[in-house]
Every structure is written in C-alpha cells, then in structure tokens.
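K.L.:
Protein sequences appear in the order of chains S and R. Quick note on our numbering: the first sequence kicks off at 33 and runs consecutively. Quick note on our numbering: the second sequence kicks off at 98 and runs consecutively. All C-beta atoms in this analysis are idealised placements derived from N, C-alpha and C, irrespective of residue type, glycine included.
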Amino acid sequence: MKKPVALKFDGKQVQADENDSVLAAARANGIFIPSLCYYTGLSTVGACRLCLVEIKGVPRLLSACVTKVAQDMEVATATPKVVRYRRMMLELLFAERNHVCSFCVANGQCELQALAQRLGVVHTRYAYRYPRYQLDASHPKFLHDSNRCILCTRCARVCEEVEGARTWNVMGRGIHSDMMTDLNQPWGESPTCTTCGKCVQVCPTGALAERGVSAGEIRKRENILPYIESMRASGR
Amino acid sequence: MAKTVVIDPITRIEGHSKITVYLDDQDQVADAHFHVTQFRGFEKFTEGRPFQEMPAITARICGICPVSHLMASSKACDDLMAVKIPPTAVKLRRLMNLAQLTQSHALSFFHLSSPDFLLGFDSDPAQRHVLGVAAKYPEIAKDGIWLRKYGQQVIEWLGGKRIHPAWTVPGGVNAPLSEEVRQKILEGIPHGIEIVRRTLDFWKNTQGRFADEIEHFANFPSLFLGLVTPEGHLEHYDGFIRVVDADRKIIADKLEPTAYQHHIGEASLGDSYLKAPYFKPFGYPDGMYRVGPLARLNCCDACGTPLADKELLEFRALRKDGAVLSSFYYHHARLIEILFALERMQELCNTANIMNTHVRAVANPNKFEGVGVSEAPRGTLFHHYKINEQGLITWANLIVATGNNNLAMNKGIAQAAKFFVNGKDVKEGALNRVEAVIRCYDPCLSCSTHALGQMPIKLSIVNARGETIRELTRY
Ligand code: SF4
Ligand code: SF4
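#1: Spell out whether any CB of chain S is found under 7 Å from the CB atom of residue 59 (chain R).
#2: Smallest Cα separation from residue 509 (chain R): which of R:130, R:244, R:125 and R:123?
#3: For the pair the stretch 430 to 444 of chain R and the stretch 280 to 287 of chain R, tell me if three or more CB-CB distances fall below 8 Å.
#4: Could you tell me the distance, in whole angstroms, from the CA atom of residue 183 (chain S) to the CA atom of residue 342 (chain R)?
#5: Using a Cβ-Cβ cut-off of 7 Å, state whether residue 167 (chain S) counts as contacting chain R.
#6: If the cut-off is 7 Å on Cβ atoms, which residues from the stretch 483 to 500 of chain R count as contacting chain S, listed in chain order?
#7: Over what stretch of residues does the alpha helix (DSSP H) that includes residue 309 (chain R) continue unbroken?
#8: What does the alpha-carbon distance come out to for the pair residue 471 (chain R) and residue 64 (chain S)?
#9: Does any heavy atom of ligand 2 sit closer than 6 Å to the C-beta of residue 235 (chain S)?
#10: Report yes or no: do three or more beta-carbon pairs, one from the stretch 289 to 299 of chain R and one from the stretch 503 to 520 of chain R, lie closer than 8 Å?
#11: Give the interface partners of residue 135 (chain S) over in chain R, defined as CB-CB distance under 7 Å, in chain order.
#12: Under 9 Å Cβ-Cβ, which residues of chain S neighbour residue 266 (chain R)?
#13: At a cut-off of 6 Å, is residue 182 (chain S) close to ligand 2 when judged by its beta-carbon and the heavy atoms of the ligand?
#14: CB residue 121 (chain S) to CB residue 81 (chain S), shorter than 7 Å?
#15: Which term fits residue 163 (chain S), buried or exposed, when burial requires 16 or more other beta carbons within 10 angstroms of its beta carbon?
#16: Is the stretch 162 to 180 of chain S touching the stretch 239 to 259 of chain S in the sense that three or more CB pairs, one from each, lie closer than 8 Å?
#17: Less than 7 Å separating the beta-carbons of residue 511 (chain R) and residue 128 (chain R)?
#18: Is DSSP giving residue 149 (chain S) helix, strand or coil here?
#19: Going along chain R, which residues have a C-beta under 7 Å from residue 175 (chain S)?
#20: Taking Cβ positions, are residue 117 (chain R) and residue 557 (chain R) nearer each other than 7 Å?
#21: Residues of chain S with CB closer than 8 Å to the CB of residue 458 (chain R), please, in chain order.
#22: Flag residue 263 (chain R) as yes if its beta-carbon sits less than 7 Å from any beta-carbon of chain S, otherwise no.
#23: Report buried or exposed for residue 194 (chain R), applying the criterion of at least 16 other Cβ atoms within 10 angstroms of its Cβ.
#24: Measuring only the C-alpha atoms, how far is residue 240 (chain R) from residue 203 (chain R)?
#25: Check each candidate in R:237, R:316 and R:458 and name the one with the smallest Cα separation from residue 426 (chain R).
#26: Short check: CB of residue 330 (chain R) to CB of residue 401 (chain R), under 7 Å?
#27: List the DSSP bridge partners of residue 147 (chain R).
#28: Reducing DSSP to helix, strand and coil, say where residue 105 (chain S) ends up.
#29: At a cut-off of 6 Å, is residue 213 (chain S) close to ligand 2 when judged by its beta-carbon and the heavy atoms of the ligand?
#30: Give the secondary structure of residue 472 (chain R) by DSSP, where H, G and I count as helix, E and B as strand, and everything else as coil.
#31: Would you say the stretch 37 to 50 of chain S touches the stretch 87 to 101 of chain S, given that touching needs at least three Cβ pairs under 8 Å?
#32: Interface residues of chain R around residue 170 (chain S) at Cβ under 8 Å?
#33: For residue 133 (chain S), is the beta carbon positioned less than 6 Å from some heavy atom of ligand 2?
#34: Taking buried to mean at least 16 other C-beta atoms within 10 Å of its own C-beta, is residue 354 (chain R) buried or exposed?
#35: List the residues of chain S that residue 271 (chain R) touches, going by C-beta distances under 8 Å, in chain order.
#36: Mind checking whether the beta-carbon of residue 226 (chain S) lies closer than 6 Å to any heavy atom of ligand 2?
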C-alpha cells in the first residue's frame with residue numbers, strides 16, 4: 033500500500049512514499065545527497081556515512097539511506113556541519129588506502145574520484161596510511177586490488193543477494209577490515225564464484241576490474257540491477 | 098693534496114640536480130660532478146602491479162616526457178604479451194612520439210636555451226629567461242610557443258581530452274585516428290616547417306659569437322648510441338641500436354634493442370643515484386657514450402626526409418672527418434629533428450591505412466620478461482620488466498636518456514668548468530655556462546618543472562679544504 037507523506041528538503045516541500053528512505057525521496061526529487069555504499073537494487077547498510085543529513089529535532093546526523101521519511105520531516109542536506117562531515121569522510125577514505133588515480137583502471141570512471149571532484153576535496157588533512165595490500169590476480173577474468181577498496185560491501189551484497197553465490201565477505205575488524213573471497217582463498221581458486229562479473233560492475237572504484245585493461249579503461253554499466261530483475265521477471 | 102668531498106645523499110633536495118665544482122690547492126678547477134636523485138624506489142613501487150598499468154605509472158612517476166615512457170613501456174608490454182601490434186597502431190604511436198619530440202625540442206631550444214643565445218650567457222640573470230626573450234625578440238618567442246603548442250595539441254588530439262593520455266596501451270592504441278584529427282595535424286605542418294627553417298637560418302648566423310662555447314661545451318671524443326632503421330636512417334620508435342665512434346665509424350650495428358643487457362653495462366657512481374651506463378665491449382669508463390639528438394644524427398646515414406636530409410649535409414660539414422663532437426650542437430641537432438618530425442608526421446598522415454580501425458592486439462601475457470626501447474627526445478629509453486604467472490610485475494629496470502648521458506655530462510661540465518671558471522673570482526656568467534652544458538643535454542629532471550621554463554639546479558664551488566665557497570640555486 034502506498035501512503036504519501038509530505039516533507040521538506042532544505043525548505044522545499046516534496047512528497048514521498050512512507051516506506052521511502054530519505055535518500056530515495058531526495059533522489060526522486062532531484063536533490064543531491066552523495067553516497068558510495070548505496071546501490072539501487074541492493075540492501076542498504078549505511079556503511080560509508082556520506083549521505084549524512086541533518087533532521088530537525090534530531091541532535092545527531094543521520095544516514096539518509098537507512099532513515100525512513102516521515103510526515104512533516106524537515107531535512108537539511110547542505111548545512112555547514114553536513115558539508116564538513118562529508119568532506120571529512122571522503123578525506124578519510126583517501127587517507128586510508130592507496131588511491132593513485134593517475135594510473136588507476138577506473139580513472140575518470142570512479143565514483144570516489146567523481147565525488148571528491150564534486151565536493152571540491154583537493155587534499156586531505158589526515159596523514160596517508162600507505163598500507164601495502166597484495167593484489168589478487170589469480171582469477172582468470174578479474175583483478176581484486178584492496179589498495180583501492182573503500183569497504184562499501186557492494187560486491188558482497190550483489191554476490192549474495194543477486195547472484196546467490198556469496199563469494200565475498202568482510203574479514204578483520206576496524207582499520208584491519210578487508211574484503212576476502214570465500215575463506216580468504218585466492219579468488220581464482222574460489223569454489224563458489226560463478227565468474228558472473230556483477231561485483232566488478234557494481235564496485236564504485238578500481239578495486240575490482242576486468243583483467244587486461246589499462247589506466248582509465250574500465251567501463252561500467254549503470255543501474256544493472258533493475259535491468260537484471262526485469263529480465264528475470266519476464267522469464268527470459 | 099686536494100681533499101675528497103663526500104656529499105651525503107640525504108642532504109640532496111628531491112627532484113633537484115646538483116653540480117659540484119672541485120677546486121685544487123691553487124684554486125683552479127680540478128673536477129666537476131653532476132648528481133641526480135630521481136629513480137629511488139621506482140622498482141619497489143611497481144612491484145606487484147599488473148603490467149598493464151606500467152605505461153601510465155611510468156609516464157608519471159618519472160620526470161621525463163610522459164609520451165616517451167608511454168612508448169617504451171607499451172612496447173615492453175607488447176613484448177610480454179608476445180604480440181605484433183597492428184601496423185596502423187605502430188603508425189599512430191609513431192605520430193604521437195614525433196609530436197612529443199616536436200614539443201619537447203621546441204621547449205628545450207626556445208624556452209630553456211634561447212635566452213643564452215639571444216640575450217647572451219653573461220647577460221643579467223634576472224632577465225635571462227623566456228620572458229626576457231619575448232620582450233626583446235617577440236617573433237622568435239612567438240615561433241617557439243607556436244611550435245610547442247602544436248606538438249602538445251597533436252598529442253591531445255590523438256590521446257583525447259585527458260591531460261595524460263592513456264591512449265597508448267599494451268597491444269597498440271585504444272582509439273583509431275579520426276579524419277578530423279588527421280586534417281588538423283596536416284594543417285599545422287607547413288607553418289611548423291616554416292618556423293624551423295627560419296630558426297635554423299637564425300641559428301647558423303649566430304654561430305660566430307659562440308666560438309668558445311662550441312669549443313669547450315662538452316667537446317670531446319666519445320661513442321654515440323642511437324636507434325636507426327634497418328636501412329640506417331634516423332629512427333625514434335623502433336629499429337636497431339647502432340653505436341658509432343668519434344670518427345663516425347660504425348662500432349656496432351643492428352643490435353637487437355631487446356638484448357640491450359649484452360651491450361650496455363650499468364656502473365653505480367658513489368655520488369649520484371643516477372647509474373652510469375657504458376658500452377660493454379669498451380668497458381667502464383671507456384665505453385662512455387652519448388645519446389639524444391646529437392648522437393642520433395651522428396649515428397644515422399640519413400634522416401630519410403628531404404628537408405631534414407639537406408640540413409643533415411650541412412650539419413655533417415661542421416666536422417668533416419667524423420662525428421660532430423661539441424655538445425653545443427645538441428641545439429642544432431634538435432632543430433633538424435623537429436624538421437624531420439614534421440616531415441615524417443605529414444608522410445604518416447598521408448599513408449593509406451592510417452585510418453584503419455584495427456589498432457589493438459588483445460592477448461594475455463605470454464612471456465615472463467619483456468623489453469621496450471624507443472628514442473625519447475633526450476635519447477634512448479629502455480624499459481625492462483619481469484612478471485609472474487598472474488601478470489604482476491616482479492622486477493623492473495629503466496635506463497633513461499639522462500642516465501645514458503651521465504658519464505658524458507660529467508665529463509662535459511668538468512671541461513667547461515676548467516675553461517670558464519676561475520676559482521679565485523667566480524663569475525655568474527661562468528657558472529651559467531657550466532649549467533648550460535647540462536642544458537645542452539636537456540636532462541629529464543627539467544621536465545618536472547617545464548611549466549616554469551627553467552630547471553631547478555644547484556651549483557656549488559668546493560675548494561681544496563672541502564669548504565663550499567660559492568653557491569648558486571635556480572628554480
Ligand atoms: S563474479 Fe564471482 S564474486 Fe563476483 S558477483 Fe559473481 S559470483 Fe560473486
Ligand atoms: S571491492 Fe569495490 S565493491 Fe567491494 S567493498 Fe571494495 S570498493 Fe566496495
């Protein structure tokens with residue numbers, strides 16, 4: 033049952049369905065809220081914290097992707113505090129791993145890079161950690177480079193929720209968290225991976241890529257999941 | 098007894114080069130050395146990366162011209178894949194390489210070195226830069242700017258709008274040539290040729306004023322090394338290695354570039370991170386050789402294009418009985434090479450299959466080791482990689498033009514310092530000349546600061562007691 037609610041984004045009156053998230057309502061009305069872990073067609077996890085917004089009467093910032101809309105809600109998407117936190121989140125993502133765009137396969141196609149450009153993040157105030165991650169090139173079709181991973185878990189979710197293979201998972205805790213295939217085996221030896229390539233398609237950065245491509249050569253199709261769903265529904 | 102001066106590498110400024118002139122007890126110049134810190138960590142840095150990233154990585158982490166690295170690196174990757182890339186891809190890569198040669202040589206000649214020729218080696222250092230030239234000789238400055246811009250535009254037209262074109266890729270190039278770009282390239286060539294021809298005339302007319310510089314700017318016998326076509330013509334992308342001596346006698350010919358390690362040894366000098374390559378059969382240090390425009394013209398039998406060949410005849414006449422030896426003539430050679438590049442680009446754009454859309458070979462790695470060699474504006478460039486079964490880099494070695502010239506640059510500045518520098522009264526103009534010897538070779542460290550039109554360089558005079566008595570820094 034669809035039940036409409038009225039709410040405000042930055043003073044602008046809009047309508048949404050009561051089951052919508054704040055993020056979905058904003059997007060449906062052309063209001064910009066950045067996000068990285070969110071992906072249309074996958075469950076939401078609120079991992080990247082980029083979609084933080086201020087909601088009147090709530091003392092702390094909330095993630096728009098996991099917050100439901102409500103009647104008469106007043107959402108502020110670009111207060112100085114929100115903007116400050118967003119920048120901080122992005123800067124931390126860059127400082128955490130090795131994002132060297134210039135020779136990255138995703139250069140010019142990367143969602144992280146595009147957001148940094150859009151939000152005017154040209155440097156980070158935090159010291160780079162320069163971790164050293166081994167690249168996993170054992171898969172015959174794909175590469176996994178943790179140096180470029182932002183732990184959005186899109187790969188894990190698409191693999192589990194859409195492909196049903198559940199190859200990807202998070203290992204470790206805190207700053208030592210990382211994505212692993214199966215029980216941290218080389219991807220090429222994974223007994224569960226079907227080589228469908230969905231994880232590569234949804235990865236926002238150059239962490240997952242097809243083999244053999246050079247800098248900036250990655251091409252990702254947008255919005256693949258609604259398409260896959262409709263194809264499945266039509267029985268084709 | 099003159100003291101030995103050890104310069105602690107830690108104190109060196111990253112990305113800067115340093116010349117040290119050593120004086121003896123009588124305050125006369127005993128020796129001079131050129132030190133560079135530049136490839137530290139490169140091999141470590143690329144370890145574990147997929148080989149397909151190498152062209153883009155090497156185009157950036159090293160100060161030398163990005164396109165040259167794209168070429169040598171892509172060729173090394175082709176070798177790892179064990180493919181023969183489509184003929185049109187070869188032509189397109191050549192086109193971009195020649196455009197790079199044009200813009201880089203124009204920069205070296207007009208922006209970096211012309212202030213010395215036009216305003217004088219002893220002129221006011223505050224004015225002795227490209228803006229000073231623009232004020233006094235606006236026409237020449239305009240020509241230089243046009244030529245450089247044209248070369249850069251061709252690179253951009255071919256490589257797409259992105260600042261650093263990742264257009265040259267393992268296996269070929271990633272987009273074919275469009276008719277529009279072909280036309281645009283062709284349109285600029287006649288004007289470019291006109292500029293080089295009048296600059297050559299101007300250059301020849303000024304020669305009388307520089308007798309001392311010609312005589313003492315790294316003017317000594319040495320070997321010369323460069324790529325030539327199978328017919329022995331001037332070559333920048335492919336071909337074979339040829340080595341000639343000071344008499345222009347061919348010492349070695351048709352050497353497979355991929356077997357460079359058989360012919361070139363690399364010595365480590367205590368006072369510089371830059372290794373000192375030498376021609377193995379002659380041993381170290383007798384195997385000292387020079388690369389770059391001067392070396393290429395000394396090596397080849399002919400350029401292979403009509404206008405450049407006419408100029409080459411005049412160039413040969415500079416030293417009838419052998420190779421042109423004074424490094425001052427690097428500048429002259431650079432102009433001839435621009436002429437050649439423009440003629441060749443015109444020719445390439447007019448060949449039948451240049452618009453062919455089959456421009457990339459696709460393959461997995463089929464070899465564990467690959468070598469790519471090409472001519473950068475400054476000289477022969479070697480890329481050598483090893484990979485594991487997964488295609489990840491396990492080892493890399495580069496020899497860049499500036500490295501090839503290392504021994505000759507050291508010898509050259511020592512020669513110039515002995516002639517021009519008086520240890521008792523060190524004049525700025527004398528130091529400028531010592532520096533200008535380095536500018537003849539147009540070493541790659543200048544690239545990183547090309548935007549400023551000058552290269553960062555620090556020159557120190559050290560007396561017999563090891564005390565620095567004079568320092569000069571330019572940024
Ligand atoms: S390619 Fe493998 S890991 Fe990726 S979604 Fe498909 S099954 Fe999962
Ligand atoms: S590999 Fe890509 S999709 Fe998976 S968590 Fe990392 S950034 Fe996200």
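P.N.:
Let's see:
#1: Outside the shown range of chain R, which is 98 to 572, sits residue 59 (chain R), and nothing can be said about it.
#2: R:130
#3: yes
#4: 60 Å
#5: yes
#6: 487, 488 and 489
#7: 308 to 313
#8: 49 Å
#9: yes
#10: no
#11: 150, 153, 154 and 157
#12: 245, 246, 247 and 249
#13: yes
#14: yes
#15: exposed
#16: yes
#17: yes
#18: helix
#19: 147
#20: yes
#21: Near residue 458 (chain R) there are no residues of chain S at all, since even the closest Cβ is about 11 Å away, more than 8 Å.
#22: yes
#23: buried
#24: 9 Å
#25: R:316
#26: yes
#27: R:489
#28: coil
#29: no
#30: strand
#31: yes
#32: 487
#33: no
#34: buried
#35: 246 and 249
#36: no
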